[in-house]
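Peer 1:
Residue numbers (this note's numbering): 75 to 1096.
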């Protein structure tokens, strides 16, 4: 990887954008890396398939063809005796279902082709997602067909049978019933399922001596406990960002990691309508860069351990600026003042004034990594600002009063260590891997007489358990759940269990009735408690819609307990600022480690670091200088919980004095994809400091580790990288035109200078261009019927990566692996370019989704020697795969660098089960073939057929590309540009619209809309 020059180049006039510190510093390694427009090594053929080897393989293929070509394999084709109801062969069907993650259900719509689930989308009726699908839901399809899934029962790590398991469970059932459940314990993942709650109540009623514990390594327990302090009970905050004009996000990451991020993001962009007189303002204060921080109008890098003190100081600033406080509430501000540190946060008074100016229309949100007292203070301030019942409502948690996950796991582990647990059922989860290191859960598990683990993979916990049971995927079983707002959701299977797995509900029901019942019967029985009117009609409607209307939790009427909040603040001790803090965070892709074997998630580049296939120590530019480390250097981090070595990833905007280490890596029993990747940070994560620990020792080891990052891929050196003056000229040209690629304005600039959406420069006729109009020397092709185009609103895009994964799922894009990504051979058709601007310590982020622009004057078509890339009658730039001979001339001539070349036949060795997930409407590409975005032409053709059969025109919005469908903020619009009333046609004529590299006259069909920021004038002056 390129090294980091410690001194960066001097900033040029105006705003300078850069993709990495190596680019900013103009390092030699970086210049060498982009010398030929492709990352190093791309022009080399695979080492194992040289010319000689190619001829050998071809000769062998011809020889084999002559011996077997005369015989057809014997196959039997048997039709249905009776066609299944509603099924037409070759016509996909959609089924509503749901997926539970971290105790929150997600409403989904799954596409099934001839009985095979092939794509996961959002359910339009889901009030949280409104039809969008998050990356975990999309990628969950890959887990269904994962060949590493558990396929058999294990006893003490050796294969057993379902009959043996049933015999053991029957004997165990009699044993625990005779003892009324003494010595019986359950440890489960969090679940929102009403059916599981019903079975849990039945079991604990029948077995009163048994105990039930839940554990999630990453949770919102601190939020729950904060409401317990502030309001006397457990509540769930429901934010309405569409009503907020001033938003303060304190490591909450409302737009990214929050369980209701889709709704939050949708509300956030709704409050940033360029034509509106009310444009919201977002402040983000955090240690590590987040999705929300990248969208903020003002972002301040502050250590996680300082957030509570900063919030206490904000409370004092609000009072100083005139916040009216009466009665017992005054004690809160008094206690907060005593907890405020001496650190001077110069930006706080301006934020306080903005919050006060928008009383009732503001939000203060705190992240789940902060303490309960911090959340209690934030809820109190929201109440004092008049936000409760306006931008913030509270709904009751269904399991009010339960102990925290860590507290409960500690009780269970102590009982296991003491030998008090005879039988332990572990339903999901992987506590051997992800429990706090000081609990020593693995050692405690060895003291349990019989442990039974239900999981999709034979993971670290399975291998330490007495019995392992294959768990059914959520697309294989009946279930139910509750969305974030409490709405009941349906989970229905789309395929029979591939490996005879059992669900949580089926296993629990066995303990009640002594046999594995139908999951359908369990869920239907639970539904009777919630339905009204005709049951069969209600049940059918429930399955059709995927959720039950009017079952959301009502807003709770709460009263602030000022004395309780004040008491919680008084015993706060300001942490020492000396030394470096280590902050733990769930990984943006593999989460807490449960998705470690998912290649789609492993390979999607992190939105900010652009890392793939690894975790690292995220270090600030200033700390890297102090430690004398560069990108990829190994450092040793020592804490009270132990020590770990991690590679360094230097990220602009990271808080000085804070290192972020992501969880979820270092797995040893994840599967072939996830094993031995990255570093296990759980081994130094303790119950006392699960989210951040202060005063760690950090040392450079002298070693290095190869990180696979895409941050400099597809960077362009316009001059082919000459030396000295030519090299400098090329870099200067990039800096000169970069603000025409990423266009940003403040709201004030937009309102006064609409159309001049870039820094510097001037217009010469065209209101959206920075160059004179270009006249074509020839008569251009007309598209009188359909003319497909796309508009991407940078003011709405939040960089969530949902579009990237949706595209991969829809278009059969392969996973290539860490080594190939390092060579620049990743295959994603859509990428999100991320740029920084400003000084590295306080850099702001700008980003831009980039895919094939389907240029009308496409440069790729002009250089293809065999006409493999061409235009169709709708103006799409299409690929004829059978013609492609792999010259890669088209890729070299593409100004957007969005074409991908198959260096290998990546799908050649897929098992039959893996091949079941392929979308049959999209061709599987082989080695030596170029590919790229098709504007989801298969969806276009499907809409054409439907419209022709119904003798009508294609309606606006009828064709939705995969990326568009997954977007939570509707940042992507697609449609017919010839229809002046279409949404996309109107957006492309908007005064914020512009084309990237329009001076090349390639006439791209994709246009962008300028991003608007709303900075606080007071902070700009400061």
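The beta carbon of each residue, even a glycine, is placed where N, CA and C say it ideally should be. Because the structure is a prediction, the values reported are computed rather than measured.
According to the neighbour-count rule (16 or more other Cβ atoms, all chains shown, within 10 Å of its Cβ), is residue 456 buried or exposed?
Peer 2: In the assembly as shown, residue 456 is a buried residue. Its beta-carbon has 16 or more other beta-carbons within 10 Å.
Peer 1: Taking 8 Å as the threshold, find out whether the segment 869 to 882 comes into contact with the segment 198 to 209 through three or more Cβ pairs.
Peer 2: Because the criterion of three Cβ pairs below 8 Å is met, the segment 869 to 882 and the segment 198 to 209 touch.
Peer 1: Taking all protein chains shown into account, do 16 or more other C-beta atoms lie within 10 angstroms of the C-beta of residue 900, making it buried, or fewer, making it exposed?
Peer 2: buried
Peer 1: To the nearest angstrom, how far is it from the Cα of residue 724 to the Cα of residue 707?
Peer 2: 10 Å
Peer 1: Is residue 395 helix, strand or coil by DSSP?
Peer 2: coil
Peer 1: State the CB to CB distance for the pair residue 593 and residue 580, rounded to an integer number of angstroms; the pair is presumed to be in contact (CB under 8 Å).
Peer 2: 6 Å
Peer 1: Do you know offhand how far residue 28's Cα is from residue 1002's?
Peer 2: Look at the range of the chain in this structure, 75 to 1096, and you will see that residue 28 is not part of it.
Peer 1: Count Cβ pairs between the segment 332 to 341 and the segment 373 to 381 that sit closer than 8 Å; are there 3 or more?
Peer 2: no
Peer 1: Where does residue 1026 land, buried or exposed, given buried means 16+ other C-beta within 10 angstroms?
Peer 2: exposed
Peer 1: Taking the alpha carbon of residue 1037 as the reference point, which residue from 182, 923, 745, 415 has its own alpha carbon closest?
Peer 2: 923
Peer 1: What does a CB cutoff of less than 6 Å around residue 571 pick up in its chain, not counting 5 residues either side in sequence?
Peer 2: 546, 550
Peer 1: Is it buried or exposed for residue 162, if we count other Cβ within 10 angstroms and need 16 for buried?
Peer 2: Result: exposed.
Peer 1: Over the uninterrupted beta strand (DSSP E) stretch that includes residue 500, give me the two end residues.
Peer 2: 497 to 501 is the extent of the beta strand (DSSP E) around residue 500.
Peer 1: According to the neighbour-count rule (16 or more other Cβ atoms, all chains shown, within 10 Å of its Cβ), is residue 664 buried or exposed?
Peer 2: buried
Peer 1: For a minimum of 4 consecutive residues, which ranges assigned as the alpha helix (DSSP H) are wholly contained in the segment 167 to 230?
Peer 2: Taking only runs of at least 4 residues, the alpha helix (DSSP H) segments lying wholly in the segment 167 to 230 are 209 to 218.
Peer 1: Pull the bridge partners of residue 260 from the DSSP assignment, please.
Peer 2: Partner(s): 286, 499.
Peer 1: Quick check on the DSSP output: the alpha helix (DSSP H) that includes residue 674 runs from which residue to which?
Peer 2: 673 to 677
Peer 1: So, using beta-carbon positions, are residue 733 and residue 772 closer together than 8 Å?
Peer 2: yes
Peer 1: Name the DSSP beta bridge partners of residue 381, please?
Peer 2: Residue pairing by DSSP places residue 381 in no beta bridge whatsoever.
Peer 1: Please work out which residues of its chain come closer than 8 Å, Cβ to Cβ, to residue 638, disregarding the five sequence neighbours upstream and downstream, and give them in chain order.
Peer 2: 303, 304, 306, 450
Peer 1: Taking residue 37 as the reference, which of 909, 903, 1006, 930 has the closest Cα?
Peer 2: Absent from the model: residue 37. The displayed extent of the chain is 75 to 1096, so no value can be given.
Peer 1: Tell me residue 820's beta-bridge partners as DSSP assigns them.
Peer 2: 1087
Peer 1: Which value, in whole angstroms, describes the spacing of the CA atoms of residue 296 and residue 476?
Peer 2: 13 Å
Peer 1: Buried or exposed: where does residue 321 fall if 16 or more other Cβ atoms within 10 Å of its Cβ makes it buried?
Peer 2: buried
Peer 1: If you follow the alpha helix (DSSP H) that residue 436 is part of, which residue opens it and which one closes it?
Peer 2: No alpha helix (DSSP H) holds residue 436; the beta strand (DSSP E) holding it covers 436 to 440.
Peer 1: Using 10 angstroms around the beta-carbon of residue 717, count the other beta-carbons present and answer buried if the total reaches 16, otherwise exposed.
Peer 2: The Cβ neighbour count for residue 717, taken over all protein chains shown within 10 Å, is under 16; the residue is labelled exposed.
Peer 1: Would you report the Cα separation of residue 436 and residue 1093, rounded to the nearest angstrom?
Peer 2: 18 Å
Peer 1: Can you tell me which of 1047, 685, 915, 601 puts its alpha carbon nearest to the alpha carbon of residue 864?
Peer 2: 1047
Peer 1: In whole angstroms, what is the alpha-carbon distance linking residue 780 and residue 585?
Peer 2: Rounded to whole angstroms, the separation of the alpha carbons of residue 585 and residue 780 is 49 Å.
Peer 1: Can you name the start and end residues of the beta strand (DSSP E) that residue 773 belongs to?
Peer 2: 766 to 778
Peer 1: Looking at residue 622: is its Cβ nearer than 8 Å to the Cβ of residue 231?
Peer 2: Going by C-beta atoms, residue 622 is not nearer than 8 Å to residue 231.
Peer 1: For the alpha helix (DSSP H) containing residue 423, list its first residue and its last residue.
Peer 2: 422 to 431
Peer 1: Evaluate residue 687 with the Cβ neighbour count: other Cβ atoms within 10 Å of its Cβ, from every protein chain shown; 16 or more gives buried, anything less gives exposed.
Peer 2: buried
Peer 1: Where does residue 1079 sit, in a helix, a strand or coil, going by DSSP?
Peer 2: Secondary structure of residue 1079 (DSSP, three-state): coil.
Peer 1: May I ask which residues mark the beginning and end of the beta strand (DSSP E) holding residue 1032?
Peer 2: Premise fails: residue 1032 is in no beta strand (DSSP E) and is neither H nor E.
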